[in-house]
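What follows is a set of notes on a single structure, which appears directly below.
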Amino acid sequence: MRALFVRISCLALLALPMIGCSNGNNSNNDNSAEETVVTPPPPPPPVPVAPNEESVFEAANGCFAISPDGGDHFIALSETPAANPGNPVAQSLAAEVVGSFSPDADSAAEAARFLLRPTDLGKYLLYDADEGYLVSDGQTLQRQASLAFDVTQVNGKVVVEDKMQSEGEWQLLAAPDAQFVLQHIKSGMYIGADGTMVAEAEAADLVFVEQGGCATFPELTLDASGNVAVTEFDDGAVFGFVETHSHLFTNLAFGGGGVFHGAPFHPLGVEHALHDCDLSHGVDGRKDLMGAGFAGGDITAILPALISGQLAEKNHNTEGYPIFTDWPNAPSSSTHQVQYYKWLERAYLSGLRLLVQHATTNEFLCKLAVGVGTQAKRHDCNDMINVDAILDATFAMERYIDALSGGPGKGWFRIVYSPEEAREEIVAGNLAVVLGIETSVLFDCYLVPFGEFSKCTEEDVVSKLDEYYEKGVRVLFPVHKYDNGFSAGDGHRGIIDIGNFGHTGHYNNYIECPAELLTFPGGFDTGGVAFAGLNQPRAVYDSLPPFDMSGFEENVVGTLLPFVGALSSGTLEGEYCQNHGLTDLGEFLMAEMMKRGMIIEVDHMPRKSYQRAYEILEANDYPAMGTHGRNNNGRLYSLGGMSKFNFGRCRSASTAATMDDGFQSRIQLMRDLGAYPAEGFGFDLNGFAGSPGPRFGENARCSSPQTDEGITYPFKSYAGDITLEQPVVGNRTLDFNTEGMVHLGLVAELIEDVRRDGVTDEELEPLFRSAEGYIRVWEKSERRAGEIGQQMPR
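Per the working numbering, the very first residue in the sequence shown carries number 1; after that it's consecutive.
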């Protein structure tokens, strides 16, 4: 961007006097002529050049010197630290002031050089050449070496300030004549001509002069190069694979206070997105009860921690950026971010073209963590409050990537609202993002309402569907893990069963699974019962519960103490499943979703709900998604739906090209049923699900030794347009061979590992047609909606 100074148009007018002269030889005129002066008209006022609004976005990542007085002086660093005047704004700044700025430099060469690092569209951090920040107390321009965090510790207690406005964030506004105005967002004040902070009416028009030598803003590397070149197949199908089941913002789930640590982006950068997790998970990670509970260990070892508030032994090293000793580690650490936007971008460059971003949370787990003192709360534990925060953050991330890319609509992360938009964005070379919700108490429809909540009605469901459709949500799970007003939960055995008990006040409701339900894939609703003493099946699903759990968050130990015997009474072996299924309200929800062409996720339905859901879907010829891997023996494909798959992680010692055997079996089943042969991933990252592990080293799970050399670098993406280098996170170099898919960006290595097993690109083509496959599911859903809506008017 070219910096221009004020343009002043002037008329250089010469006033030439008309003079009459006396001539003594002129007998006809004896008197001297009077001198006449002609006054020129005043010059026209300067014509300002209209503000260029695009320049506000084009300034992103530029390096500038700044003048507040038309170019006569420039802002420079003062050697003497500014005194803190003690006003309320200054007192809220947690980071130390280490200097001040003022317009003391006589030229741009002597001035401070600022990198404009975007935080949002038109909003910036001003990062100086000495790696400090331009901040303000609302009166003067100050310098800090770092910016305040929104999570701190006060008197030994973790304090979270939700939606904290940073002291270092500035709004850049376009002014006439290629100039700018800077507003300090926190104080609302503006930079004035003398370098102090003034009201809007006195704001200075700032001249930005391009410079070199700015500092590099802290950020993780991409470890990939090249540009997306392949966007379609020859037959017009969009190119790329789908991630059908993702959770980018689990850090805002469970009350957002630290059960899950690390954000996919932060306006203030990676230092704030992926900082140490000691405040979230405690010293040595000993407050990471959720991580320990989902790590597959002995559940009884977790129970004493509910009393003490921490684990008996060290759980993990807590260092984040730039050290990252133990995390990210998606195969074995479920409570740390593994989808930072740079890692997501690497996956996108590798061929990811459609991602379903599910807002997920769980009210009970939030109350458990708060109640035992392992986390603070950023916001309420209520599921839908958490969902709203996650949806808002997803839109903010889209704007953030736009801002880094130069303006609205210019980023590669595009939220889409229709299958047509998804196609357009993918063909344009972008990542299409579809919004969904996967939570236990969808729309606040509790099985056992409490406090301000009442039992949901059909009118409530219609209202909420309309509200969230307007917000952009197109995919829903009617139920997730716990019982709600739409269906019995599918459980997960273990700690989840304690949760459903504490969530509803009902005993667990498992029965020995009837033969007619055993023909349906069980998903999570299968196997034995972890706590025999908590299992007392009931005849009426929505009967009054025997226990009042409304005070659980305030007294976790006291609430659970009477049931220690039941928790210690052993297990029930065999094949058990939920005693109840879809409620009438659950069937109504499905009907209303179909009328809107929404995508119905069925894989968290217990067997009885699953059976009834298929009766409804098949009666309406309506597709569904099974993104935890169930395809109901092909019935899902016959409806035009889609599931997901996993590659095998071990090579055969005797036979080449076996890592894709399961994938090819699914594709052949789809072909046999006349379905579109394509299926993508459903890693469920940030959803306590793990990820593909290593083939080599102490954490490998292969039954026979892997004798090949594994992944080496560099290598080309499947499309051939991107070169992948060995991935690095901060100071840590990752090894896919011995660590596995540490974060989402290593999906490139996962695919390359399969190719090196001898699987051909032709055999992998159905994976790279899976974005097309997902769009076709969506298109059929919308097509059937028009027909179903006529049959079942609202």
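Ideal Cβ positions, reconstructed from N, Cα and C, are used throughout, including at glycine.
*In the structure shown, what three-state DSSP assignment does Asn87 receive?*
Position 87 of the sequence shown, counting from 1, holds the residue named residue 87. Low per-residue confidence applies at Asn87: pLDDT is 39, beneath 50, and the placement is therefore not dependable, though the value from the model is reported in the following sentence. In this structure, Asn87 counts as coil in the three-state DSSP scheme.
*asked:* Quick check on Gly212: buried or exposed, where buried means 16 or more other Cβ atoms within 10 Å of its Cβ?
replied: Residue numbering aside, residue 212 sits at position 212 when the sequence shown is read from its first letter. Exposed.
*Going by the CB atoms, is the gap between Asn737 and Leu696 shorter than 8 angstroms?*
As a first step, residue 696 must be located in the sequence shown, where it is residue number 696. As a first step, residue 737 must be located in the sequence shown, where it is residue number 737. Note that residue 696 is Phe in the sequence shown, not Leu. It is a contact, given that the beta carbons lie within the stated cut-off.
*Hey, Leu141 and Ser100 are a contact pair by Cβ (cut 8 angstroms); roughly how many whole angstroms apart?*
Within the sequence shown, numbered from 1, the residue matching residue 141 stands at position 141. Within the sequence shown, numbered from 1, the residue matching residue 100 stands at position 100. Contact holds; Cβ gap of about 6 angstroms.
*Are His247 and Gly687 closer than 8 angstroms when you measure CB to CB?*
Here residue 247 refers to the residue found at position 247 when the sequence shown is read from its first residue. Here residue 687 refers to the residue found at position 687 when the sequence shown is read from its first residue. In this structure, Gly687 lies closer than 8 angstroms to His247 by Cβ.
*asked:* Quick check: Ser643 and Glu615, are their CB atoms within less than 8 angstroms of each other?
replied: Along the sequence shown, read from residue 1 onward, the residue named residue 643 stands at position 643. Along the sequence shown, read from residue 1 onward, the residue named residue 615 stands at position 615. No, the Cβ-Cβ distance between Ser643 and Glu615 is not below 8 angstroms.
*Could you check the C-alpha separation between Glu725 and Val372 for me, to the nearest Å?*
For the purposes of this step, residue 725 is taken as residue 725 along the sequence shown, with counting starting at 1. For the purposes of this step, residue 372 is taken as residue 372 along the sequence shown, with counting starting at 1. Going by the C-alpha atoms only, they are around 44 angstroms apart.
_the segment 306 to 320 contacting the segment 547 to 560, beta-carbon criterion three pairs below 8 angstroms_ = yes
*Got a sec, what are the start and stop residues for the alpha helix (DSSP H) Leu750 sits in?*
Position 750 of the sequence shown, counting from 1, holds the residue named residue 750. Counting along the chain, the alpha helix (DSSP H) containing Leu750 begins and ends at Val747 to Arg756.
*Gln211: CB within 7 angstroms of a non-hydrogen atom of the ligand PLP*: What this structure holds is no ligand at all, so the ligand PLP is not there to describe.
*asked:* I'd like the list of long-range same chain contacts for Asp106, defined as Cβ closer than 7 angstroms, with 5 residues on each side in sequence excluded.
replied: Working through the sequence shown from its first residue, we reach residue 106 at position 106. The residues are His73.
_Restricting to runs no shorter than 4 residues, where is the alpha helix (DSSP H) found entirely within the segment 371 to 400?_
none
*DSSP on Phe249, reduced to helix/strand/coil?*
Locating residue 249 in the sequence shown gives position 249, where the first residue counts as 1. The answer is coil: DSSP assigns Phe249 none of H, G, I, E or B.
*asked:* I believe Ala60 touches Leu116 by the beta-carbon criterion, under 8 angstroms. Please report the beta-carbon distance rounded to the nearest angstrom.
replied: By one-based count along the sequence shown, residue 60 stands at place 60. By one-based count along the sequence shown, residue 116 stands at place 116. Correct: roughly 6 angstroms between the Cβ atoms.
*Take the Cβ of Tyr417 as the centre, count every other Cβ of all protein chains shown within 10 Å, and call the residue buried at 16 or more, exposed below.*
For the purposes of this step, residue 417 is taken as residue 417 along the sequence shown, with counting starting at 1. Tyr417 is exposed by the Cβ-count criterion.
*Asp194: first and last residue of the uninterrupted alpha helix (DSSP H) it sits in*: Start at 1 with the first residue of the sequence shown, and residue 194 comes out as number 194. Note, Asp194: premise wrong, no alpha helix (DSSP H); not H, not E.
*From Asp497, Glu200 and Arg612, residue whose alpha carbon lies closest to that of Gly183*: Taking the sequence shown and counting its residues from 1, one reaches residue 183 at position 183. The question names Gly, yet the displayed sequence has Gln at residue 183. Across the set Asp497, Glu200 and Arg612, the C-alpha of Glu200 shows the shortest separation from the C-alpha of Gln183.
*Is the CB-CB distance between Leu476 and Met593 below 8 angstroms?*
Your numbering for residue 476 matches position 476 in the sequence shown. Your numbering for residue 593 matches position 593 in the sequence shown. Taking 8 angstroms as the Cβ cut-off, Leu476 and Met593 qualify as a contacting pair.
*If you count every other CB in all the chains shown that lies within 10 Å of the CB of Ala178, and 16 or more means buried, which is it?*
Counting from 1 along the sequence shown, the entry for residue 178 is found at position 178. Label assigned to Ala178: buried.
_Taking the alpha-carbon of Pro331 as reference, which of Leu572, Val742 and Thr439 has the nearest alpha-carbon?_
Position 331 of the sequence shown holds residue 331. Nearest of Leu572, Val742 and Thr439 to Pro331, Cα basis: Val742.
*Assigned secondary structure, Ser665 (DSSP; H/G/I helix, E/B strand, else coil)*: In the sequence shown, residue 665 corresponds to position 665, counting from 1. Here Ser665 sits in helix by DSSP.
*Is the beta carbon of Ala719 less than 8 angstroms from the beta carbon of Val230?*
Walking along the sequence shown from the start, residue 719 turns up at place 719. Walking along the sequence shown from the start, residue 230 turns up at place 230. Cβ distance < 8 angstroms, so Ala719 and Val230 count as in contact.
*Limits of the alpha helix (DSSP H) - the one that Leu560 falls within*: Within the sequence shown, numbered from 1, the residue matching residue 560 stands at position 560. Residues Val556 to Leu560.
*asked:* According to DSSP, is Val228 part of a helix, a strand, or is it coil?
replied: Numbered from its first residue, the sequence shown carries residue 228 at position 228. In the three-state reduction of the DSSP assignment, Val228 falls in the coil class.
*Under 8 angstroms between the Cβ atoms of Ala509 and Ser440?*
If you number the sequence shown from 1, residue 509 lands on position 509. If you number the sequence shown from 1, residue 440 lands on position 440. As written in the sequence, residue 509 is Asn, which differs from the Ala given in the question. In this structure, Asn509 keeps its C-beta atom at 8 angstroms or more from the C-beta atom of Ser440.
*Anyone know if the C-beta pair for Ala108 and Ile75 falls short of 8 angstroms?*
For the purposes of this step, residue 108 is taken as the residue at position 108 of the sequence shown. For the purposes of this step, residue 75 is taken as the residue at position 75 of the sequence shown. No; because the gap between Cβ atoms is not below 8 angstroms, this pair is not in contact.
_Residues bridged to Leu567 [DSSP beta-bridge criterion]_ = Translated into the one-based positions of the sequence shown, residue 567 becomes position 567. Answer by DSSP bridge pairing: none, since Leu567 is not bridged.
_Residues near Thr196 by beta carbon distance below 8 angstroms, same chain, minus five either side_ = Residue numbering aside, residue 196 sits at position 196 when the sequence shown is read from its first letter. Only Gln139, Thr140 and Leu141 meet the Cβ criterion.
*Going by DSSP, name the residue or residues bridged to Asn631.*
The count along the sequence shown starts at 1 and reaches residue 631 at position 631. Answer by DSSP bridge pairing: none, since Asn631 is not bridged.
*Find the nearest neighbour of Pro449 within the set Ile426, Cys381 and Ser550, judged by alpha-carbon distance.*
Position 449 of the sequence shown, counting from 1, holds the residue named residue 449. Here the closest residue by C-alpha is Ser550.
*asked:* Could you check whether Ser691 and Gly351 sit closer than 8 angstroms to each other, using their CB atoms as the reference points?
replied: Residue 351 sits at position 351 when you count from the first residue of the sequence shown. Residue 691 sits at position 691 when you count from the first residue of the sequence shown. Not in contact: Gly351 and Ser691 (Cβ atoms no closer than 8 angstroms).
*For Leu206, which option in Phe260, Cys214, Val479 and Val181 has the closest C-alpha, if you only look at C-alpha atoms?*
Residue numbering aside, residue 206 sits at position 206 when the sequence shown is read from its first letter. Its Cα nearest to that of Leu206, the residue Val181 stands out among Phe260, Cys214, Val479 and Val181.
*Per-residue DSSP class, three states only, for Asp128*: In the sequence shown, counting from the first residue as 1, residue 128 sits at position 128. Asp128: strand per DSSP, three-state reduction.
*Terminal residues of the continuous alpha helix (DSSP H) containing Ser463?*
Walking along the sequence shown from the start, residue 463 turns up at place 463. Run containing Ser463: Glu458 to Glu470, per the alpha helix (DSSP H) assignment.
*Classify Asp162 as buried or exposed, calling it buried when 16 or more other Cβ atoms lie within 10 Å of its own Cβ.*
Looking up residue 162 in the sequence shown gives position 162. By the 10 Å Cβ count, Asp162 comes out exposed.
*asked:* If I follow the unbroken beta strand (DSSP E) through Ala174, where does it start and stop?
replied: The residue labelled residue 174 in the question sits at position 174 within the sequence shown. That run of the beta strand (DSSP E) goes Glu169 to Ala175.
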